[in-house]
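Down below is the structure, laid out as structure tokens.
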Amino acid sequence: MKSTESEPSAAAPASNELARAYQPAEVEPRWYRYWEERGYFRAEDQSDKPPYSIILPPPNVTGSLHLGHALTATLEDILIRHKRMNGFNACWLPGIDHAGIATQMIVERELKKTEKKTRHDLGREEFLRRVWAWKEQYGGRIREQHRVLGASLDWSRERFTMDDASSRAVREAFVRLYEDGLLYRAERLINWCPQDATALSDLEVDHEEGVQGELWSFAYPLEDGSGEIVVATTRPETMLGDTAVAVHPEDPRYIGLIGKNVRHPLSGRAIPIIADAILVDPAFGTGAVKVTPAHDFNDFAVGQRHGLPLISILNKDATLNAQGGEFAGMDRFAARTAVKEKIATFGLDRGTQPHKLALGRCQRCRAVVEPMISTQWFVKVEPMAKRALAAVANGDTRFYPESWKNTFDRWMENLHDWCVSRQLWWGHQIPAWYCGAGHVTVARAAPHQCGTCGDTSLTQDDDVLDTWFSSSLWPFSAFGWPEQTASLSSFYPNTVMETGFDILTFWVSRMMMMGLHFMGEVPFRTVFLHAMVRDEKGEKMSKTKGNVIDPLDVTAKFGADALRFTLASMAAQGRDIKLALPRVEGNKAFANKIWNAARFALMHLQQHPLDKKSSATPSLAGRWILSRLGRAVTETTQALDDFRFDQAAMAVYQFVWHELCDWYIELAKPALYGEDASVRAAELSTLLTVLEGALRLLHPFMPFVTEEIWQRLPAWTRRGGDSIMIAKWPSASDGVPDDQAEGKMALVMDVVGAMRTMRSECGIPPGKILTGHMRGPAELVRVVSDLSVPVALLSQVNVTNQSPPGGLVAATSVAGVEIVVQLEGLIDVEAERARATKELARIEKELEQVQVRLGSASFVDRAPAEVVEKTRANAAELAEKRERIARHVKRLSGGHMENNGNGNFGFDIPPTAPVATELTGVESAPVVAEPVAPVAEPVMEEAPPARKPAHKAPRAAVKKVVATKPAAKKKVAKKVAKKAAKKVAKRPVAKKSAAKKGAKKSAAKKSAKKVVAKKKPAKKVARKTVKKPARRR
RNA sequence: AGGCGGGUAGCUCAGUCGGUAGAGCAGCGGCUUUACACGCCGCGGGUCGCAGGUUCGAGUCCUGUCCCGCCUACCA
5 MKSTESEPSA
15 AAPASNELAR
25 AYQPAEVEPR
35 WYRYWEERGY
45 FRAEDQSDKP
55 PYSIILPPPN
65 VTGSLHLGHA
75 LTATLEDILI
85 RHKRMNGFNA
95 CWLPGIDHAG
105 IATQMIVERE
115 LKKTEKKTRH
125 DLGREEFLRR
135 VWAWKEQYGG
145 RIREQHRVLG
155 ASLDWSRERF
165 TMDDASSRAV
175 REAFVRLYED
185 GLLYRAERLI
195 NWCPQDATAL
205 SDLEVDHEEG
215 VQGELWSFAY
225 PLEDGSGEIV
235 VATTRPETML
245 GDTAVAVHPE
255 DPRYIGLIGK
265 NVRHPLSGRA
275 IPIIADAILV
285 DPAFGTGAVK
295 VTPAHDFNDF
305 AVGQRHGLPL
315 ISILNKDATL
325 NAQGGEFAGM
335 DRFAARTAVK
345 EKIATFGLDR
355 GTQPHKLALG
365 RCQRCRAVVE
375 PMISTQWFVK
385 VEPMAKRALA
395 AVANGDTRFY
405 PESWKNTFDR
415 WMENLHDWCV
425 SRQLWWGHQI
435 PAWYCGAGHV
445 TVARAAPHQC
455 GTCGDTSLTQ
465 DDDVLDTWFS
475 SSLWPFSAFG
485 WPEQTASLSS
495 FYPNTVMETG
505 FDILTFWVSR
515 MMMMGLHFMG
525 EVPFRTVFLH
535 AMVRDEKGEK
545 MSKTKGNVID
555 PLDVTAKFGA
565 DALRFTLASM
575 AAQGRDIKLA
585 LPRVEGNKAF
595 ANKIWNAARF
605 ALMHLQQHPL
615 DKKSSATPSL
625 AGRWILSRLG
635 RAVTETTQAL
645 DDFRFDQAAM
655 AVYQFVWHEL
665 CDWYIELAKP
675 ALYGEDASVR
685 AAELSTLLTV
695 LEGALRLLHP
705 FMPFVTEEIW
715 QRLPAWTRRG
725 GDSIMIAKWP
735 SASDGVPDDQ
745 AEGKMALVMD
755 VVGAMRTMRS
765 ECGIPPGKIL
775 TGHMRGPAEL
785 VRVVSDLSVP
795 VALLSQVNVT
805 NQSPPGGLVA
815 ATSVAGVEIV
825 VQLEGLIDVE
835 AERARATKEL
845 ARIEKELEQV
855 QVRLGSASFV
865 DRAPAEVVEK
875 TRANAAELAE
885 KRERIARHVK
895 RLSGGHMENN
905 GNGNFGFDIP
915 PTAPVATELT
925 GVESAPVVAE
935 PVAPVAEPVM
945 EEAPPARKPA
955 HKAPRAAVKK
965 VVATKPAAKK
975 KVAKKVAKKA
985 AKKVAKRPVA
995 KKSAAKKGAK
1005 KSAAKKSAKK
1015 VVAKKKPAKK
1025 VARKTVKKPA
1035 RRR
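Each residue of the first sequence is one higher than the one before, counting from 5 in the numbering used here.
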């Protein structure tokens, strides 16, 4: 557009013409480069601006963008862009996680495939070199993918969890925890993955429910030969490690056996029969349990209680060790069968039965996890967990949605010590050294001698730390800890931690503990946990199911803006996000919508250049849309502050589409296309102003299309800014609250809506311009007639206050204004009579209900006066309505339909002198409204009764207006009527019928009627009534 | 088994303080209206899982119950 004053920006397309439809693929890549090159993503280490920090949950280096990442990136980018525009020193720190097991597995797999080697063939050093090489080559795809989404991450701060600084932080943390007595090495029963040959934390074990297995029973013969005791197990092979048989201390069947021994049929060992009330449920199985402390967590606890020996029967690859005797060397599953067969040969098999069990599987490789006795490093969590709980309890960190606090609390209250050592190569090697005597020396750097005995031949612990260990330090290590950096003091505690609820336990809880321990302060003020993204059927996306949606496919097809907006608008709290592509498509249409609104504005600007904001008072529509903008800003801002992304997105959507586009632009057209230059300039000025504000409001959600348009706006609307992403977040002052304009517009919208309904339902051809005759209090009439041209444009009905014609007319009334339209010859009298008769019946029924309520002393006495008053007003209105319709029906039935001037639907409309020519178009003089005989309508004060605008207009604002306008009272009552009618209709007495259906909607919602077109089926006819404007709450 | 979340229009979901349910999509009808057919206008569609209770009034609060999902712990 030549009229824009701005320099063509670097990122602007060569052409100034806007494509007829928005093309995200053409636009999006340009702007990301522009922003990044100009450094808009960068946060300052020190700033006068208040800090606002979020660390991106570091994606695995092996990862590529899935919808969970896309959701995370979208929500965090919305927060960050919002706060950045709002004057914060917004820091969004990207990072990548080394993902120990996952990465090592991938490289090992590749090694096997391409070179047929294992990591052991290469040796540790060479293998790690390969992993780093792999990391350099492939790890980081996700970085580019975040750019596609428009994520405004401060790439200058990007970190990797195994970079030097991170390694320093990990060593520092490890040493300090050790020194503080919060880290120890011990032999414990841990989860072991035989496939990956490493220990796992409790959290890394997935429990697969309902696996079909079998419960096998066998007999242990008593040592003294006096009998046997039958036990049941799902793991026969572990009997080789049995060191007791447990029964319930009060079980009469076994009470005499407690203290006796059984003879192990395979090993020949004597095994005690012990009593344990915790382990044994006498009602289950035989009531006797074999106890294998070295291979079962419950049994381990029993062993501790009773001082039982531990007999480990498995090697690290889950084959049986020497303790397995004749089964040594067999795989655990082969041994299972073999043991059963062997026992059977002794005649001790007591049968099997099908049994469902839960299997612990390795989160990474799905192998069945084996509880094993092993020496590992553990973090003692209890003291830290207590601090974390206290910090949450006193509000230092708050959870959104709040309910996650409970989950957090219960988790923290039941934490076991955290096994942090892993038998892997890829990761932070544990900074512990052992001397020949087995003493441990823990140090930040390789020590020269043993801290205990001075031995100089030291070897470092082979193991590495759990990946989550380094992640737990991320909120401060990513900002340079243990160095006291400026960014650390600026951005710690982080303002918000935003992540999926599934890693609350893995990550959030551990960051809380570590942050409090090392920084003395919570790691973040707020935790917002988002839901999981699922497919449209609610199924978890997985490669095996083949229902994975690749976000990049979506952005390629619909644009990143559309995907972002969809994710945000579906991110309602406490619910899974079921992503359906049609929704994304719909939001692409939304981008296109605002694009075209901009095209419209820029087209007019090109034709009539405007170099500064008009100083003229905006039109009524202009004042209205400015007021609505202000409300949209307030609503959106509040929603974002509450992490209600869905509400925020919908508030913007509603404003842009249904208010700005559907109403304001239409209402502005007469002025914009008109001949009056000053009127035109004022309207265009308003349009551009509102559009610019709307773009800023939408920007965090749809950064690309908003920037593209914004850059094309004239400099005076943008205050000369270089990018919308660093423009000021709109405030309420961007819109001018104007209750009066809103009230008047509500009336106009109602009138237009009523006319549209009438026209549509009477089947009046759209091209045919009708003349609507208004009647009502002068001020009300004037509001509409002043806008008669736009009203005509919106509804194709000219509005005059001429004398209503005689003959058959349709009439509708809204907000105290009645509009009568001549329909002689256009409709079917008989059909209208039938419809009106039904309507009359409905209203009478409705009125009856309300009167019953009012007749109840308990209601009148106990309900608030206000409610009672509303109900009374409603009753009065219903009564009035009933009279009108009754008269209308009477006339329709009476055959006095000739031009007697009274066939007008029961409205006694006195003839008034024609005071204006019929409006026929743009050049018509405004109608001067002539007050007519006052009906029982309230006189308008500030504004006419607000109501829900004919369609889709926001309710919130309307509600407010209502609350302050006495004139609204009567209308408010209608809502009560509507509800009452609904209730009536719901009663089982009234079976579904056309009449009842009609009653639900029309009697309640509609205050006036209109005539129906002929040839409509009766049932349908029954529902046709003019929309009652009184919908509001 | 315990904990948490959910069950509202055909679908996906809102619904704040208890005042008598509403968006998007889908559907139906109409529209070559000069920003947009990725559009415009109109319309239909609900026993708010079920049963009780509290209340003048319940989608909303209480009790019970049935389904679905997740988390945690699991019966060897």
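Where a beta carbon is used, it is the ideal one built from N, C-alpha and C, also for glycine.
### Query
Identify the residues that DSSP records as bridge partners of HIS211: which are they?
Partner(s): GLY364.
### Task
Within 10 angstroms of the Cβ of ARG414, are there 16 or more other Cβ atoms? Answer buried if so, exposed if not.
exposed
### Query
DSSP on ALA23, reduced to helix/strand/coil?
In the structure shown, the three-state DSSP call for ALA23 is coil.
### Task
Going by CA-CA distance only, name the one from ASN551, VAL383, GLU670, GLY519 that's closest to THR401.
GLY519
### Where ASN93 sits in the DSSP three-state scheme
Three-state result, ASN93: strand.
### Task
Over the uninterrupted beta strand (DSSP E) stretch that includes PRO276, give me the two end residues.
274 to 279
### Task
Grab me the residues of LEU22's own chain with a C-beta within less than 6 Å of its C-beta, minus the 5 sequence neighbours each way, in chain order.
ARG603
### Local Cβ density within 10 Å of GLY67, reported as buried at 16 or more and exposed below that
buried
### Query
Quick one, are the C-beta atoms of LEU157 and PRO98 less than 9 Å apart?
It is a contact, given that the beta carbons lie within the stated cut-off.
### Query
According to the Cβ coordinates, are PRO276 and GLY289 closer than 9 Å?
no
### Message
Please determine whether the Cβ atom of ARG876 lies at a distance below 8 Å from any heavy atom of the ligand GTP.
### Response
By its list of ligands, the structure shown contains no ligand whatsoever, and the ligand GTP lies outside what it can speak to.
### Message
Between the alpha carbons of ASP167 and LYS592, how many angstroms are there, rounded?
### Response
Each residue's Cα considered, the two are about 40 Å apart.
### Task
Starting from the N-terminal side, write out each stretch of the beta strand (DSSP E) that is 3 residues or longer and does not extend beyond the stretch 740 to 795.
774 to 779
### Query
On the three-pair Cβ rule with 8 Å, is the stretch 305 to 314 touching the stretch 265 to 285?
Segment contact: the stretch 305 to 314 against the stretch 265 to 285, three or more CB-CB distances shorter than 8 Å; contact assigned.
#### Entry: Range of the contiguous beta strand (DSSP E) that encloses THR503
Start and end: 498 to 504.
#### Entry: Separation of GLU639 from ASP754, as counted between CA atoms
24 Å
### Query
Is the beta carbon of PRO54 less than 9 Å from the beta carbon of LEU193?
no
#### Entry: Proximal residues to THR242 (C-beta, below 6 Å), its chain only, five neighbours per side dropped
THR296, HIS299
### Query
Would you report the Cα separation of GLU746 and THR875, rounded to the nearest angstrom?
26 Å
### Message
Considering Cα atoms alone, identify which of PRO868, SER170, THR118 is closest to ALA482.
### Response
SER170
### Boundaries (first-last residue) of the beta strand (DSSP E) holding LYS189
For the record, residue 189 in the displayed sequence is Arg; it is not Lys. Start and end: 187 to 197.
### Query
Expressed to the nearest angstrom, what Euclidean distance is found between the alpha-carbon atoms of ALA250 and GLU227?
ALA250 and GLU227 have their C-alpha atoms spaced approximately 15 Å apart.
### Message
At the level of alpha carbons, what is the spacing between GLY217 and ILE84?
### Response
The alpha-carbon separation between GLY217 and ILE84 amounts to approximately 51 Å.
### Query
Around the C-beta of TYR677, are 16 or more other C-beta atoms found within 10 angstroms, so that it is buried, or is it exposed?
exposed
### Query
Quick one: is CYS457 buried, meaning 16 or more other Cβ sit within 10 Å of its Cβ, or exposed?
exposed
### Query
Can you list, in chain order, the residues of its chain whose CB lies under 6 Å from that of ARG632, leaving out five sequence neighbours each side?
GLU663
### Message
Can you give me the C-alpha to C-alpha distance between VAL660 and ILE598, rounded to a whole angstrom?
### Response
7 Å
### Query
Ordered along the chain, which non-local residues of its own chain (more than five positions away) have a Cβ less than 8 Å from that of ALA685?
Within the same chain, Cβ atoms closer than 8 Å to the Cβ of ALA685 are found at HIS612, LEU614, SER618, ALA620, the five residues on either side in sequence being excluded.
### Task
Report the rounded CA-to-CA distance for MET523 versus PHE480, giving the unit in angstroms.
8 Å
### Strand pairing of GLN216, partner residues [DSSP]
LYS360
### Message
Assuming the contact rule is C-beta atoms closer than 8 Å, LEU882 and HIS534 should be a hit. Round their C-beta distance to whole Å, please.
### Response
Not really, about 48 Å apart at Cβ, beyond 8 Å.
### Query
VAL709: buried (16+ other C-beta within 10 angstroms of its C-beta) or exposed?
buried
### Query
Which first and last residues belong to the beta strand (DSSP E) in which ILE59 is found?
55 to 59
### Task
Could you round the C-beta distance between CYS197 and ALA371 to whole angstroms and report it? I think they count as a contact, below 8 Å.
6 Å
### Query
Name the DSSP bridge partner or partners of ARG426?
VAL468
### Query
Pick from SER573, ARG448, ALA584, HIS268: whose alpha carbon is nearest that of ASP650?
SER573
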